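*Asks:* Residue numbers for the sequence shown follow this note's numbering, so the first one is 1458 and each next one is one higher.
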Amino acid sequence: MYYLIYIGDKMIFIALFGFIAFVVISLNMYDNYNLQKIEDYIKKEKCESFIYTKGSYKALCQDKLLQIANSFNLDIKTQKKELVYKEIKDISIDKKSIIINKKEKVSFSKEEELNTFYRNLKQKLNK
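#1: May I ask you to list the residues that DSSP assigns as paired with Ile-1471?
#2: How would you write the range of the beta strand (DSSP E) that Lys-1538 sits in, first residue to last?
#3: For Phe-1565, which three-state DSSP category applies?
#4: Helix, strand or coil: how does DSSP classify Lys-1581 here?
#5: Pairs of beta-carbons, one from the segment 1464 to 1478 and one from the segment 1503 to 1519, closer than 8 Å: are there three or more?
#6: On the DSSP letters alone, give me the boundaries of the beta strand (DSSP E) that Phe-1507 sits inside.
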């Protein structure tokens, strides 16, 4: 009888582990679907270069800078920030962020990503 209880404990552990693995895999697939939707939107907007860092996409489009935050419930219309190049008067670097017009902040996780994006943004503004 004790042998059956011992087997039952193993089965509960295996079932619990399987359920947790299923949840993790499902959430990962859902997140990848959101990222694909954002990338498709960026391509539709004809953005030349984009980067994913710090939970959001930053893209340099033909006439605007586009920033779209990734979240569990994705609604691109409400979660995007657009900054038209004509309205950008001042840009500067503060730590790992680009400050635009002294109020908008575009954050990066790596210094290299920041410098590349900053250089490309300056080129867009000088055209």
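Built from N, CA and C at the ideal position, the CB exists for glycine as well. A quick note: this is a predicted structure, and the numbers were derived from the prediction, not measured.
*Replies:* Per the coordinate set shown:
#1: For Ile-1471, which the question treats as bridged, DSSP gives no partner whatsoever.
#2: Its beta strand (DSSP E) spans residues 1537 to 1541.
#3: It is coil, neither helix nor strand.
#4: Lys-1581: helix per DSSP, three-state reduction.
#5: Touching, no, given that fewer than three Cβ pairs across the two stretches are closer than 8 Å.
#6: Bounds of the beta strand (DSSP E) holding Phe-1507 are 1506 to 1510.
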